[in-house]
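All remarks here apply to the structure that follows.
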C-alpha cells in the first residue's frame with residue numbers, strides 16, 4: 001500500500017479519459033495443429049491498427065508461476081497490491097450475487113458499503129437429540145435451488161432486527177448469503193458452523209469488544225430463522241461462515257480523484273469494481289450494449305473499465321474457435337469505443353485462460369497500451385508472442401493504472 | 001520467505017516430473033574474433049531441437065549487476081530468496097568438502113544435519129611468552145596440504161568428547177573444518193581467533209544460554225588439540241571461526257511436497273542440494289554417469305537437479321573452445337535425459353562464467369524451459385542474445401521452480 005499512497009500524492013486532475021478494455025482470460029497457448037494462439041488466429045483489423053500505433057507488453061497479476069483468481073486478478077488490474085489486500089470468499093460471493101432481497105422485496109441495485117457485514121450461509125437441519133438441539137445435516141439434504149430460494153424469500157419477508165437492514169442473497173442448493181447493515185457493526189466475529197454433525201450450532205462470539213453488536217445481530221438472525229423455519233422438515237436452521245466486513249480499501253476516487261465507471265454484464269465484476277469506488281453503469285447484457293453504456297456515460301467519468309466475460313467462459317469449455325470469434329466480433333465494437341476520443345486506451349485481461357488448458361493460467365497477460373505520441377513498437381498484431389517483445393515490456397499488472405495516469409497527464413513529477 | 005510460504009499453500013501433488021539441467025557458469029561473452037559466445041558457437045542439434053519447441057529467456061540470481069557465488073546462485077535456482085537466506089561460509093565449506101573423517105576413519109557419506117554445528121579452523125602456533133600462552137602465528141607457517149591433512153587425521157583419531165561426534169574435514173594448507181554433532185548443540189557462540197598475534201586465543205563463549213553446551217564442546221575440542229599436537233613445532237593449536245549451525249531453511253519436500261533428487265559430481269553442489277531437501281543420488285564421476293543415475297532414479301522423484309560442473313571450470317581457465325566442446329559433448333546426453341519423459345525440462349545455470357572474463361559474472365543467465373503445449377517462441381538455438389527475446393522473458397532465477405510447478409500442474413489457483 002505504501003507505493004499506492006505515494007502515487008496518490010502525485011495525482012492531478014484533468015479532463016483526459018482512460019479506457020481499460022478487459023477481455024477476461026485474454027491469453028492463450030498454441031493450438032496443437034496451427035501452432036497459433038486464439039489471439040494470433042483472430043482477424044481483428046481495428047485492434048491491429050490500434051496495436052500498430054501502441055506499445056505492447058505483458059502483465060503479471062501475482063508474480064511468476066501463480067494463477068490468479070478473479071479477486072487478485074482484478075485488484076492488480078486496478079492498481080492494488082493484491083499480496084497485501086485480500087477480498088474474502090464471503091464478500092466475493094456477495095459481490096457476485098445478482099439477486100438481493102430486503103424485506104422480501106428485490107433490491108434493484110445493491111452494493112456492499114463500508115460497515116456492512118457479510119456472511120456465507122448454509123441451510124442445515126437441527127434436531128433435538130437426547131434433550132439437546134444438534135445439527136444433524138450441515139446442508140439440509142441439499143435442497144433444490146428453487147426450494148432454497150423460496151426459503152430465503154420467506155426469511156427475508158419475516159426477519160426483523162432493530163436498527164439493522166438484513167439483505168438476503170439466494171444461492172445454489174443449500175447456499176445463500178446475508179449482509180447486515182446498521183450502526184456499529186464490525187465483522188470480527190466467530191462462525192456458527194460446528195463443522196461436524198451431532199454437535200450444537202455454535203453461538204457467534206465477538207473477537208474484539210467492538211464486534212459485540214455484530215455477534216448479537218448474527219445470533220438474533222439465527223434465532224429468528226429457527227422460528228421462521230420451525231415447521232420445515234429439513235432446512236430448519238442456517239449456519240453462518242466467513243463472516244466479515246467489507247474490506248477497508250481506499251478507492252480509486254479517494255486515491256487519485258478519478259471518476260471511475262464500470263461497465264460489466266456479470267455481477268462479480270460489477271461488485272469488485274464497486275468495492276474499489278467505480279460507479280456501476282447501466283445494465284448491459286451484450287457487448288454492444290456495453291459500448292452503448294460507454295457512449296452514454298463518456299462525459300461523466302475519467303477512467304472506464306469495460307469487461308468482456310465470454311472470452312474466459314468459452315475458454316473454460318475448451319472452445320478455441322469460439323474464443324477466436326469473440327475477439328473478431330468485438331473488433332468493430334472496440335473501434336467504436338476508442339473513437340469516443342480516449343487519451344489512453346489499454347487492452348488487457350485479469351489473467352490468461354488458454355482454451356487448450358480449460359482453466360485460468362499463470363502466463364503473462366498480453367497487454368497493449370496506446371496514447372497519442374507514445375513509444376509505439378513494431379508489433380502490429382495482438383498476440384502472446386508478439387507482446388513478449390514490445391516497448392511496454394513485461395510489467396506488473398498493478399502498474400497499468402499508474403502508467404495510464406502518467407500517459408494522460410494525471411501524475412505530477414515526483415521529487416524536486 | 002513470505003512469497004515462498006504463500007506458494008507453499010498452493011502446492012498440489014501429481015506424478016509429473018521436472019528436470020533442472022544446470023550447466024555451471026553457462027553464459028559467456030563474444031569471442032573477440034568471431035563475435036560469438038561459447039553457446040552460440042557450439043553445435044548442439046538435440047538441444048537446438050528442444051529449444052525450438054520451448055520458451056527461452058534469461059534469469060538473474062541476485063538482481064542486476066551482482067555476480068553471485070555458488071551459494072546465492074543455487075539458492076535462487078531452487079526457488080529461495082537469497083537476499084533473506086544466507087548459507088554461512090563455514091557451512092558452505094563443510095558442504096563442499098569431499099573428505100570427512102570420524103574417529104580417524106573416512107566417512108563415505110556425510111551431510112550436514114539439523115542441530116550440527118560447523119566451523120572453519122586454522123592451524124596456528126601457540127607459544128608461552130612472558131608466562132602466557134599466546135598465538136604467535138595464526139596460520140602455523142602455512143603447512144603443506146599433505147602435512148595439515150595428516151595432522152587432521154591424527155586429531156580425528158584421538159579426539160573424544162562425550163556425547164559428541166566430531167567430524168573433521170581436511171582443507172588446503174593451514175585450513176580445515178569441523179562439525180560437532182550431538183544433543184543440545186546450538187551454534188550461537190563466539191570465535192576463538194584473536195585476529196592478532198601476540199594475544200591469547202579466545203575462549204569460546206555462548207551468545208545465548210542455549211548455546212552453553214556448544215561453547216563447552218568447542219573449548220574441549222581446542223584443549224584436546226593442544227594436547228594431541230603439543231609436540232608439533234608450528235601447528236600446535238587451532239583457531240575456530242565462523243562457528244554456526246546448519247541454517248534452518250524449509251526444504252523443498254517440506255514446502256512443496258516434492259521428492260527431490262540431486263545428481264552432481266562435486267561435493268559442494270551435492271551439499272547445497274542436500275541442505276534444501278534433495279536426496280543426493282549415486283556417485284557419478286562423469287556426465288554420462290550422471291545421466292545413468294538419472295535413469296536409475298527416474299521413477300522415485302518429482303524434481304531432478306542435474307549439475308554439469310566443467311563448463312564453469314574451463315571458463316575459469318579462459319578455455320573458450322573447451323567450453324564449446326563441453327556443450328557439444330553433453331548434447332546427446334541431454335537428449336537421452338529428456339527422452340525419459342519429463343513434463344517440464346529447464347536448461348539454465350547458477351550464474352554466468354564467460355571464458356573471456358575467466359570469472360563468474362553478473363550477466364543474465366541464458367535459460368530455456370519446455371513443456372507440452374507451452375508458448376514456444378521463434379528461438380531455435382540456445383544463446384545469450386537469442387534468449388534476450390524469448391517468451392520466457394527476463395525473470396528472477398527464483399521464479400523458475402514456481403514456473404515449473406505451475407507448468408506441471410503442481411500449483412492450485414490463488415484466490416477466488
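Protein chains in written order, with our numbering: chain A, 1 to 416; chain B, 1 to 416. Quick reminder that beta carbons are idealized off the backbone N, C-alpha and C, glycines included. Please read these numbers as outputs of a predicted model, since none were measured by experiment.
| Query | Result |
| --- | --- |
| is_contact[residue 70/A, chain B] using C-beta, thresh 8 Å | yes |
| Pair within 8 Å by beta-carbon distance, residue 16/A and residue 408/A | yes |
| Cutoff 8 Å: residue 358/B Cβ touching any chain A Cβ | no |
| Inter-residue CB distance, residue 94/B and residue 75/B (contact presumed, cutoff 8 Å) | Their Cβ separation, rounded to whole angstroms, is 16 Å, which puts residue 94/B and residue 75/B out of contact at 8 Å. |
| Sequence-distant residues of the same chain with beta carbon closer than 6 Å to residue 66/B, five excluded per side | 362 |
| Residues bridged to residue 305/A [DSSP beta-bridge criterion] | 20/A, 262/A |
| Contacts of residue 373/B in chain A (Cβ-Cβ under 9 Å) | 29, 30, 32, 354, 356, 357 |
| Neighbour list for residue 389/A in chain B, Cβ cutoff strictly below 8 Å | 389 |
| Residue 62/A at chain B interface by Cβ criterion, 8 Å | yes |
| Three-way DSSP call (helix, strand, coil) for residue 207/B in this model | coil |
| Residues that residue 122/B bridges to, as DSSP identifies them | 175/B, 239/B |
| Option nearest residue 41/A by Cα separation, candidates 28/A, 215/A, 49/A, 395/A | 28/A |
| Simplified DSSP assignment, three categories, for residue 268/B | helix |
| 8 Å Cβ cutoff, residue 180/B in contact with chain E | Judged by its chain identifiers, the structure shown contains no chain E, and its protein chains are A and B. |
| Endpoints, beta strand (DSSP E) assigned at residue 15/B | No beta strand (DSSP E) holds residue 15/B; DSSP gives it neither H nor E. |
| Min CB distance residue 67/A to chain B below 8 Å | yes |
| Chain B within 8 Å of residue 247/A, Cβ atoms only | no |
| Rounded straight-line distance, which links the Cα of residue 128/B to that of residue 58/B | 59 Å |
| Whole-number beta carbon distance between residue 135/A and residue 418/A, since they are thought to touch under 8 Å | Absent from the structure is residue 418/A, since the part of chain A shown begins at 1 and ends at 416. |
| Beta-carbon proximity of residue 414/B to residue 78/A, cut-off 8 Å | no |
| Span separating the alpha-carbon of residue 154/B from that of residue 90/B | 22 Å |
| Bounding residues of the alpha helix (DSSP H) (the contiguous stretch that carries residue 140/A) | No alpha helix (DSSP H) holds residue 140/A; DSSP gives it neither H nor E. |
| Sequence-distant residues of the same chain with beta carbon closer than 7 Å to residue 395/A, five excluded per side | 57, 59 |
| Contact list for residue 393/B against chain A, beta-carbon separation under 8 Å | 58, 364, 388, 394 |
| Exposure label - residue 109/A; buried when at least 16 CB within 10 Å | exposed |
| Interface residues of chain B facing residue 385/A [CB-CB closer than 8 Å] | 375, 377, 378, 391 |
| Interface flag, residue 112/A vs chain B, CB-CB below 8 Å | no |
| Strand pairing of residue 54/A, partner residues [DSSP] | Answer is none; residue 54/A lacks a bridge partner. |
| Environment of residue 341/A [buried if 16+ CB atoms lie within 10 Å] | exposed |
| Residue 387/B - DSSP class collapsed to helix/strand/coil | helix |
| Chain A contact for residue 413/B (CB, 8 Å cutoff) | yes |
| With 16 other Cβ atoms within 10 Å as the buried cut-off, status of residue 207/B | exposed |
| From 319/B, 283/B, 161/B, residue whose alpha carbon lies closest to that of residue 38/B | 319/B |
| Any chain B beta carbon closer than 8 Å to residue 20/A | no |
| Length of the line joining the Cα atoms of residue 107/A and residue 175/A | 19 Å |
| Exposed unless 16 or more other CB atoms sit within 10 angstroms - verdict on residue 55/B | buried |
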